[in-house]
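Read the structure below first, then the notes.
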Amino acid sequence: MDNKSFRQGSSTLIQDLVGALRTASFGKVLLAVGAVAGAQAAATYMGLGSATGSLMQMGGFVAGHLPAAKSFLVEASQWGPAASLPVVNAIFAGAYATIALLASQGAVSMYDHFRVGTYTEAYSGRTGLRQPVKGGAEVSPLLGDPNITNDEKAALEKIWSEFHGGSELAETQQLIDKCQRRMEVMSAQGDQSAQYDLGRNLLLEATAQSLAEAKPLLESATIKGNAGAAYYLSKMHYEGLGVEVDQAKGLALLEMACERREPLALLKIAQMYETGEGGVELDLASAERCLERAANLGCVSSLANLSQVREAMNSQGVASESVSHLSRQAEKNGDPDAHFKLGMLHYSGVQVEKNQAKAIQHMQKASAMAHSAAQNVYGQMLLAGETGQQDIKNGLFMLKSSASSFNPSARAKLAQLYDEVDYVRIDAGLAGKYKTGGLTRVDAERAEEYRQDTAGAKGLVDVMPKEVDQKDVSSMAAFDAFYASNGYASGALNQQEIIHSADPKPKPDGFKFG
Amino acid sequence: MDLKVGDGSAITKADVNELFKQFTLMSAEVLVHPKFDDESRQLAIHQTSTYIIVLKELFDATATESIDDANVGVVINAAKYLKFINSFVTSA
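Just so you know, the protein sequences line up as chains A and B, in that order.
Going by the working numbering, the first sequence opens with residue 1031, and the numbers climb by one from there.
Going by the working numbering, the second sequence opens with residue 6, and the numbers climb by one from there.
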């Protein structure tokens, strides 16, 4: 199997997982909330690059777990403008945050804590993804870590010896067989979820016999209200799979599946609006609406289509409803997230005309409302002079504020600054701190400690800009007000206090990791 | 009674736990196995993480010895994904 086939198969399976989660009896509330939050953001940001897109899709993937979805989204929102960072770092930052989350929840064993370290190492760029071959087998980069203890080393080696044994494959197949038999029993008892699962699998086998067996199962599940079954039954009739082609019946079932919020049905309808298939009137705005709904339900496949439809809308001058909605949210409700998203859209030129001035305006507003991702982006813009003039002091301030809310991109940038850049005091200790976030040898306690870290406040002590007029704080008036309203003294921006105050202050409300 | 695999018996919490363990072992493989290119690796890392989260959630939500039948679809999907990854890394 090549990598392309792997990605295709993998995406299909994860899509199936989203479908299975929709009928699962655990985490349903989280599923609904997570799916909406995750996939909506994913849809909004599509088009900002493959790494970004992939990370954002995770918001929908992990829809069954809201905190995880949120953490992925926060991760994902960072990487769009952070083009200077290698893609691989962006990738591992996502994994890093996820595994840190697992560690903080006690969801992983001692072995996995080592893996957190591995992810962190990879993220920080201090080791490669893999080490030279030892005895014919790949070894973990951590085994070469001089600080690793004997116990840790033994545990890590055990992981490798266990996994490379290959015995798990037979056990996995046994479990698949066991689940299959169980679903057959459930199906015979009239369980619509099992009927749907079995029916769909038979349909995908696409033999004459499997299609004949699939039809009654899908019909039974459809009658009982199953959305997915209605979709696959519509496919059978529309395309003539095992039955005579009946497009009218296929379309009626497709409509039923859409009403039941089946993402694949929405995807199909959107495609019809986009292409005019089946005699449907061309309507890009309706296609966009359907794709957004599908994305909100965790449908990964809809994201690429959504990006294409929006490009087409943009080129044809058709207003995107999502942009209008965001504008309303930003203007009427002062929603910082809406400001951030609009800033990103104007920055990238996705869905709207590229407009740096508007991007800066929205980022500034969102940053003033303690939006961590906006603070990161705005901080990097200030440092890069993208706002018209390089502003090191305020840029650092923004980055440190963002870093205090567990923003990996801000941390990575700060680490880079403390490592390399001459207008910040070179400090290997601080650089290391921002690189690893204190998670190199992580455990649940350390993960919690990290989450509670008020690094932004502590970090202010270390700001030593060489080329900044330290009396010029006028441009920070808005932030003065913000910090005062969040329990900070208005003098917090006085440079002397920034340098000398060692007292960590409570971080402002905003996103809290986990 | 110790029922045989594949006789239609309910899926147990122990089955989920075993699957969870296999996923945590697999996560190490995904990180370094040379068969993955960068794009596939990022996909596999994220998806493996997702499965770990989902299985943990299922495990925690199950108060009885057997899992709710409504969740069998999740388990079989997770097992298929594990097998799929194994097939990929062991294929030529």
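Note that the Cβ used here is the ideal one computed from N, Cα and C, for glycine as well.
Source: prediction; values computed, not measured.
Please state if the CB of residue j and the CB of residue i are separated by a distance shorter than 8 Å.
| i | j | result |
| --- | --- | --- |
| A1300 of chain A | C1320 of chain A | yes |
| L1248 of chain A | G1220 of chain A | no |
| A84 of chain B | L1205 of chain A | yes |
| H989 of chain A | F1370 of chain A | Residue 989 of chain A is absent from the structure shown; chain A starts at 1031 and stops at 1544. |
| N1256 of chain A | Y1226 of chain A | yes |
| K18 of chain B | T1202 of chain A | no |
| A1294 of chain A | G1272 of chain A | In the sequence under discussion, the amino acid at residue 1294 of chain A is Leu, which differs from the Ala named in the question. For L1294 of chain A and G1272 of chain A, no; Cβs fall outside 8 Å. |
| F1036 of chain A | S45 of chain B | yes |
| L1233 of chain A | A1244 of chain A | yes |
| S1040 of chain A | Q27 of chain B | no |
| L1413 of chain A | K1430 of chain A | no |
| I57 of chain B | F25 of chain B | yes |
| Q1386 of chain A | Y1408 of chain A | no |
| D65 of chain B | M1216 of chain A | no |
| L1296 of chain A | A1251 of chain A | no |
| V94 of chain B | K40 of chain B | yes |
| L1314 of chain A | V1353 of chain A | no |
Pick out whichever of the options has its Cα sitting closest to the Cα of residue i.
| i | options | result |
| --- | --- | --- |
| G1364 of chain A | A:A1400, A:Q1346, A:G1258, A:E1383 | A:A1400 |
| G1280 of chain A | A:L1412, A:K1265, A:R1291, A:L1271 | A:K1265 |
| V1048 of chain A | B:N91, B:K88, B:I81 | B:I81 |
| I50 of chain B | B:E23, B:E62, B:L63, B:E34 | B:E34 |
| D42 of chain B | A:K1034, A:Q1038, A:G1039 | A:K1034 |
| V21 of chain B | A:C1209, A:L1429, A:A1251 | A:C1209 |
| K1388 of chain A | A:A1396, A:Y1377, A:A1251 | A:Y1377 |
| R1212 of chain A | B:P39, B:H38, B:N76 | B:N76 |
| H1267 of chain A | A:E1361, A:I1253, A:L1284 | A:L1284 |
| K1254 of chain A | A:N1344, A:A1287, A:N1231, A:G1270 | A:A1287 |
| S1434 of chain A | A:N1344, A:N1231, A:S1402, A:M1411 | A:S1402 |
Buried or exposed: where does residue i fall if 16 or more other Cβ atoms within 10 Å of its Cβ makes it buried?
| i | result |
| --- | --- |
| P1246 of chain A | exposed |
| S1432 of chain A | buried |
| S1515 of chain A | Only weak support exists for where S1515 of chain A lies, its pLDDT of 36 falling under 50; the coordinates are left without a value. |
| E70 of chain B | exposed |
| L1312 of chain A | exposed |
| T1237 of chain A | exposed |
| T1417 of chain A | buried |
| V1382 of chain A | buried |
| A1274 of chain A | Note that residue 1274 of chain A is Glu in the sequence shown, not Ala. Under this definition E1274 of chain A is an exposed residue. |
| A1368 of chain A | buried |
| K1384 of chain A | exposed |
| S96 of chain B | exposed |
| D1046 of chain A | buried |
| A68 of chain B | exposed |
| D12 of chain B | exposed |
| K1423 of chain A | buried |
| Q1355 of chain A | The question names Gln, yet the displayed sequence has His at residue 1355 of chain A. H1355 of chain A is exposed by the Cβ-count criterion. |
| Q1346 of chain A | exposed |
| K1362 of chain A | exposed |
| Q1545 of chain A | There is simply no residue 1545 of chain A to check, as chain A begins at 1031 and stops at 1544 in what is shown. |
| E1269 of chain A | exposed |
| G1415 of chain A | exposed |
| E1003 of chain A | In this structure chain A extends from 1031 to 1544, so residue 1003 of chain A is not present and cannot be described. |
| Q1419 of chain A | exposed |
| Q1222 of chain A | buried |
Can you tell me which residues form a DSSP beta bridge with residue i?
| i | result |
| --- | --- |
| S71 of chain B | B:T17 |
Can you give the beta carbon distance from residue i to residue j, rounded, assuming they're within the 8 Å contact cut?
| i | j | result |
| --- | --- | --- |
| P1366 of chain A | A1317 of chain A | Wrong, their Cβ atoms sit about 30 Å apart, outside the cutoff. |
| A1260 of chain A | R1291 of chain A | With a Cβ gap of about 11 Å, A1260 of chain A and R1291 of chain A do not count as contacting. |
| A1224 of chain A | V79 of chain B | Actually they are not in contact, since the Cβ atoms of A1224 of chain A and V79 of chain B sit about 13 Å apart, beyond 8 Å. |
| V59 of chain B | L1051 of chain A | 7 Å |
| G1308 of chain A | Q1277 of chain A | 6 Å |
| S14 of chain B | M1031 of chain A | Contact doesn't hold; Cβ gap of about 32 Å is too wide. |
| L1372 of chain A | S1357 of chain A | 7 Å |
| A1440 of chain A | N1406 of chain A | 4 Å |
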